[in-house]
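Worksheet: the structure to be examined is printed underneath.
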Amino acid sequence: MAELDADLDRIVPSSVLPPFWAKLVVGFASLVCFARSYDGDFVFDDSEAIVNNKDLQSDTPLGDLWHHDFWGSRLSSNTSHKSYRPLTVLTFRINYYLSGGFHPVGFHVVNILLHGGISILMLDVFSVLFGGLQYTSKGRRVHLAPRASLLAALLFAVHPVHTECVAGVVGRADLLCALFFLLSFLGYCQAFKERNKEGTCSSTFWVLLSIFLGAVAMLCKEQGITVLGLNAVFDILVIGKLNILETFQKVLHKDKSLENIGVLRNGGLLSRMALLTFGGTGMLYVRWKIMGTGPPAFTEVDNPASFADSMLVRAINYNYYYSLNAWLLLCPWWLCFDWSMGCIPLIKSVGDWRVIALAALWLCLMGLIFQALCSEDSCKRRILTLGLGFLVIPFLPASNLFFRVGFVVAERVLYLPSAGYCMLLTFGFGALSRHTKRKKLVAAVILGILLINALRCVVRSGEWRSEDRLFRSALSVCPLNAKVHYNIGKNLADQGNQTAAIRYYREAVRLNPKYVHAMNNLGNILKERNELQEAEELLSLAVQIQPDFAAAWMNLGIVQNSLKRFEAAEQSYRTAIKHRRKYPDCYYNLGRLYADLNRHVDALNAWRNATVLKPEHSLAWNNMIILLDNTGNLAQAEAVGREALGLIPNDHSLMFSLANVLGKSQKYKESEALFLKAIKANPNVASYHGNLAVLYHRWGHLSSAKKHYEISLQLDPVAAGTKENYSLLRRKLEQMQKKDV
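Position 536 of the sequence shown, counting from 1, maps to 536 under full-length UniProt numbering, and the rest follow consecutively.
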């Protein structure tokens with residue numbers, strides 16, 4: 001591959017060619033591009049995969065990681081996405097332990113360092129792909145094609161399409177998968193350090209190690225298994241030196257010399273292919289057994305093309321998606337965190353102008369394939385074939401060819417295929433340099449691409465630092481994406497800006513009239529604003545579209561309860577529990593309904609169910625204590641209060657409720673201690689001071705009672721009960737003063 005390196009002689013400076021300096025330059029470039037994301041928040045999918053994932057916490061047994069999916073759900077569940085990545089989750093758990101909680105800086109730093117390490121490792125991979133395998137007498141691999149390897153590695157290190165993987169914490173699955181993917185490939189290359197005279201590899205150890213590393217890559221993300229396919233292609237084309245076109249022609253013409261083709265008579269190659277085949281088959285079998293209930297069930301909004309009735313429509317749209325992925329590699333300017341929900345309208349006929357993109361894609365691919373098969377230059381054939389292999393093979397699991405995937409376009413799945421693109425682009429620059437005398441112009445173009453891509457990485461990393469910036473950045477790319485408007489609305493609602501949130505939720509529902517989650521959230525806000533009729537209409541429509549939407553059923557029950565439609569509310573709550581049996585919040589709301597209807601036993605049972613399912617459910621505990629207190633069951637109220645504080649010892653509202661019960665039971669000292677502890681935890685609650693004042697009033701500590709009545713009235717001057725009690729106390733104190741006189 002000296003010819004390609006010679007073509008790049010005046011483009012890549014020789015001063016950075018020594019391996020140490022090359023790795024330093026690539027590592028530095030990769031870190032600079034994404035360093036801005038180091039102090040970002042947990043954004044988008046990070047909330048579900050990390051913050052709400054109990055598998056990260058120490059009270060979850062480590063063994064559960066092997067039975068749960070990436071999001072913490074059991075793989076046997078019908079609602080599981082079947083994304084089995086236990087090793088990635090394990091690294092999240094280690095991050096959580098070392099950071100002492102959900103502090104995103106540590107998570108982001110690991111991602112940035114992983115990308116830097118992978119970019120450096122790419123130097124070795126590209127060295128093999130461009131230059132082939134050659135070892136010294138001491139068994140050290142010779143670094144061939146250093147200029148081409150450096151340029152390709154730099155293009156990979158600064159590619160903006162990697163931002164989602166690096167700046168989004170859940171992208172670690174792709175990073176870890178890529179790391180072990182590359183180690184598996186390099187391990188496979190080690191199998192050819194020593195060969196016997198027949199040219200077959202004498203070491204099976206490295207092949208088995210490569211398969212093991214491929215399995216590790218697959219346990220980080222499913223895409224990892226494709227390394228076995230790349231290893232096989234590399235072995236056949238580079239080690240076996242198979243000329244595909246020549247072999248095909250001999251098969252076509254039944255040439256007798258076919259039997260003499262070395263690659264077919266190579267026992268070492270056949271044994272390695274057998275090992276790769278058995279290894280891959282075994283990995284797929286184990287993965288299928290672990291998955292349990294079959295493939296995941298995706299909805300039409302996740303991947304509309306896969307639900308099209310016509311096979312022609314499906315094929316056209318799949319190919320259009322491929323062309324969009326190719327465009328993201330070629331021009332990574334329009335990047336979006338999510339490409340579903342109307343972002344890319346379906347192509348329904350061949351008359352759609354977007355079909356031109358398909359034609360352009362396949363025209364380019366056919367040209368590259370033709371050159372890879374028919375070129376007389378064996379090095380050119382090898383580089384183009386391996387570049388196409390690295391581009392296509394890791395992308396196959398996301399292609400919809402073998403199974404339906406849950407997305408339309410996803411930038412994260414291009415992390416590994418982008419290496420093949422960088423390889424082809426580098427080869428193209430070499431060819432351009434060879435056929436032009438303006439080498440400085442070619443060098444300027446390459447430098448411009450690197451700088452523009454690096455700048456885009458920095459800008460995009462900044463957008464990934466917060467959800468608000470990330471979601472708003474998508475509006476200019478996918479204005480028709482209902483999920484973009486939904487996420488902006490959700491973010492605004494969390495910030496308390498309900499008016500703006502309503503506007504975005506309404507737009508999400510307009511863009512996708514079946515978007516039940518947007519209807520549910522919009523219905524919730526309208527419920528809080530007491531716009532109950534419209535809230536009921538939206539929530540009723542949501543459960544009509546998706547009858548098993550438990551959260552919408554519960555919220556519908558809350559609205560119906562507010563409208564005094566108690567029977568309908570009870571039925572809605574029961575339906576929610578039917579679809580989600582372990583639903584503590586629904587049991588809590590059902591208990592509130594029963595309390596309103598004076599069905600006290602049913603209310604207590606519902607709240608008890610809520611606390612069994614969620615022992616830290618403070619509201620359910622509080623309501624039980626208050627109901628028992630109000631109905632005169634002080635001993636039972638005290639027992640429940642002590643049980644609750646045993647489980648949630650720092651909850652000041654429980655301290656307050658139990659203190660009220662103890663005060664009525666004339667256990668003044670213990671009641672006083674709990675009141676004071678609650679006030680210390682939250683000193684600005686008027687009722688805490690007011691009820692403590694009542695305790696002191698009963699107890700006869702009148703000066704202390706006067707002090708806390710006054711504090712309570714300062715915090716809430718219109719509290720009628722406190723004002724009345726304070727007036728009684730003042731009259732009593734005045735009477736005592738007159739008596740003393």
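Ideal Cβ positions, reconstructed from N, Cα and C, are used throughout, including at glycine.
All of these numbers come straight from a predicted model, not from anything done at the bench.
query: Exposed or buried, what is A705 when buried is set at 16 or more other beta-carbons lying within 10 Å of its beta-carbon?; result: buried
query: When the Cα atoms are used, what is the spatial distance from A372 to F390?; result: 14 Å
query: From the DSSP output, in three-state form, read off residue 750 for me.; result: Residue numbering for the chain in the displayed model covers 1 to 741; residue 750 lies beyond these limits and cannot be assessed.
query: Counting C-beta neighbours from all protein chains within 10 Å, is the total for T226 16 or more, i.e. buried, or is it exposed?; result: buried
query: Name the two residues that bound the continuous alpha helix (DSSP H) containing K680.; result: 668-681
query: Identify which residue in L129, N555, L90, C331 has its Cα closest to the Cα of L150.; result: L129
query: Using a Cβ-Cβ cut-off of 8 Å (strictly less than) and excluding sequence neighbours within five positions of V640, which residues of its own chain qualify?; result: W621, M624, I625, L628
query: What is the DSSP secondary structure of Y38, reduced to helix, strand or coil?; result: coil
query: Counting Cβ pairs, one atom from each stretch, are 3 or more of them under 8 Å apart for the region 106-126 and the region 70-80?; result: no
query: May I ask you to list the residues that DSSP assigns as paired with F135?; result: For the sequence presented, residue 135 should be read as Tyr rather than Phe. Y135 is bridged to R141.
query: For R74, which beta-bridge partners are listed by DSSP?; result: H68
query: Thinking L65 and L90 are a contact (beta carbons under 8 Å), I'd like their distance in whole angstroms, please.; result: 6 Å
query: Hey, would you say G229 sits closer than 7 Å to I369, going by beta carbons?; result: no
query: Are the beta-carbon atoms belonging to Q546 and V516 less than 7 Å from one another?; result: yes
query: Following the continuous alpha helix (DSSP H) through L363, name the residue where it begins and the one where it ends.; result: 355-374
query: Using 7 Å as the threshold, is the C-beta distance between L87 and L219 below it?; result: yes
query: To the nearest angstrom, how far is the alpha carbon of S653 from that of G646?; result: 14 Å
query: Check whether the region 403-423 touches the region 446-466, counting contact only when three or more Cβ pairs, one atom from each stretch, lie closer than 8 Å.; result: no
query: Flag this pair as yes or no: are the beta carbons of H108 and G40 separated by less than 7 Å?; result: yes
query: Just the C-alpha distance for residue 743 and L604, rounded to the nearest angstrom, thanks.; result: No information on residue 743 is available, as it lies outside the stretch 1 to 741 that the chain covers here.
query: Applying the criterion that 16 or more other CB atoms from any shown protein chain within 10 Å of the CB defines a buried residue, is K289 buried or exposed?; result: exposed
query: For D124, which of helix, strand or coil comes out of DSSP?; result: helix
query: Out of L62, A659, V32, state which residue places its alpha-carbon closest to the alpha-carbon of A673.; result: A659
query: Does the beta-carbon distance from V110 to C457 come in below 7 Å?; result: no
query: D629 by DSSP, collapsed to three states: which one?; result: helix
query: Which runs of the alpha helix (DSSP H) fall wholly inside the region 430-464 and span at least 4 residues, in chain order?; result: 439-463
query: How would you label E528, buried or exposed, when you count the other beta carbons within 10 angstroms and need 16 or more for buried?; result: exposed
query: Would L363 and G387 be called neighbours here (beta carbons separated by less than 7 Å)?; result: no
query: For Y285, count the other beta carbons within 10 Å of its own beta carbon; 16 or more makes it buried, fewer makes it exposed. Which is it?; result: exposed
query: Specify the secondary structure class of L416 as computed by DSSP and reduced to three states.; result: coil
query: Could you name the residues of the same chain whose beta carbon sits closer than 8 Å to that of K197, not counting the 5 residues immediately before and after it, in chain order?; result: With a pLDDT of 41 at K197, under the threshold of 50, the predicted position of this residue should be treated as unreliable, though the coordinate-derived value follows. Once the five neighbours on either side are set aside, K197 has no close Cβ partner at all.
query: Keeping to the same chain, check which residues put their C-beta closer than 6 Å to that of E164; ignore five residues upstream and five downstream.; result: G171, E411, R412
query: At what residues does the alpha helix (DSSP H) containing P61 begin and finish?; result: Per DSSP, P61 belongs to no alpha helix (DSSP H) and is neither H nor E.
query: Only counting the same chain, and skipping five residues up and downstream in sequence, which positions put a Cβ closer than 8 Å to that of G106?; result: N95, L98, S99
query: Please check the pair S712 and A719, which I expect to be a contact at CB under 8 Å, by giving their CB distance rounded to whole angstroms.; result: 7 Å
query: Among P304, N530, Q544, L324, which one has its Cα closest to the Cα of R354?; result: L324
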